[in-house]
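What follows is a short report on a single structure.
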Amino acid sequence: MIDQRQQHDAACHCGTVRFRVRLADEFNTIRRCTCSYCRMRGAIAASADLSDIEFVEGEDNLTLYQFHTGTAKHYFCKTCGIYTHHQRRSNTSQFGVNVACIEGISPFDFAEVPVSDGVSHPSDTGAGPKVAGILRFERTV
């Protein structure tokens, strides 16, 4: 069976880390998170299965950051510091991919971005996932 999903080219800012990714449901999974780390990072992420990311160059130039439970794995380019992707805490079989790293995509392309309540993470509370709200962008030209 042939995978019909679009393959996206992606890279960090300096271009040292280059990868291809097929998103789980294109950009329908975009979201931000309210946890302490994501609030400071501010990136919009889209979901991809672990098997749907292929590193073309620079995988050895990625560095890893983990905190709190250590379940989520956040990856960055050692050269430019850009966050490229992370293995999700809420679903460890998926990556969250920084949409700003995807060729031709800007985080400002999305008028509304769901916000996940990472402060009250389901793994900490025993509850199901919650959406904290919608972040709306007004684009002015």
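Using the UniProt record's numbering, read the sequence shown as starting at 1 and increasing by one per residue.
We treat Cβ as the ideally placed atom computed from N, Cα and C, and that holds for glycine.
Looking only at C-alpha atoms, which of the options sits nearest to residue i?
i: Phe67; options: Glu59, Tyr37 and Gly96; result: Tyr37
i: Lys73; options: Arg31, Asp109 and Leu64; result: Leu64
i: Ile30; options: Asp117, Glu112 and Gly118; result: Glu112
i: Pro114; options: Asn28, Thr69 and Asp52; result: Asn28
i: Gly70; options: Cys80, Ala43 and Gln87; result: Gln87
i: His8; options: Phe108, Gly104, Phe110 and Asp109; result: Gly104
i: Asn61; options: Cys77, Ile53 and Ala48; result: Cys77
i: Val21; options: Ala43, Ile2, Arg32 and Ser47; result: Ser47
Looking only at DSSP bridge pairs, what is residue i linked to?
i: Glu54; result: Arg20
i: Glu26; result: Ala24
i: Val97; result: Ala46 and His85
i: Asp9; result: Arg20
i: Thr63; result: Phe76
i: Cys33; result: Ser116
i: Ile102; result: Ala10
If residue i and residue j are in contact, beta carbons under 8 Å, what's the gap, nearest whole angstrom?
i: Cys101; j: Ala45; result: Between Ala45 and Cys101 the Cβ distance is about 10 Å, and since that is not below 8 Å, they are no contact.
i: Leu23; j: Gln94; result: No, Leu23 and Gln94 are not in contact; Cβ-Cβ is about 10 Å, not under 8 Å.
i: Tyr83; j: Arg39; result: About 13 Å; that fails the 8 Å criterion.
i: Gly118; j: Cys35; result: 3 Å
Quick check on the DSSP output: the beta strand (DSSP E) that includes residue i runs from which residue to which?
i: Ser116; result: Glu112 to Ser116
i: Cys77; result: Lys73 to Cys77
i: Ser47; result: Ala45 to Asp49
Just curious, the alpha helix (DSSP H) that residue i is in, first and last residue?
i: Arg39; result: Ser36 to Arg41
Using beta carbons (cut-off 7 Å, strictly below), is residue i in contact with chain C?
i: Leu50; result: No chain C appears in this structure, which consists of one protein chain only.
(request) For the region 1 to 18 and the region 48 to 62, state whether three or more C-beta atom pairs, one from each stretch, are separated by less than 8 Å. (result) yes
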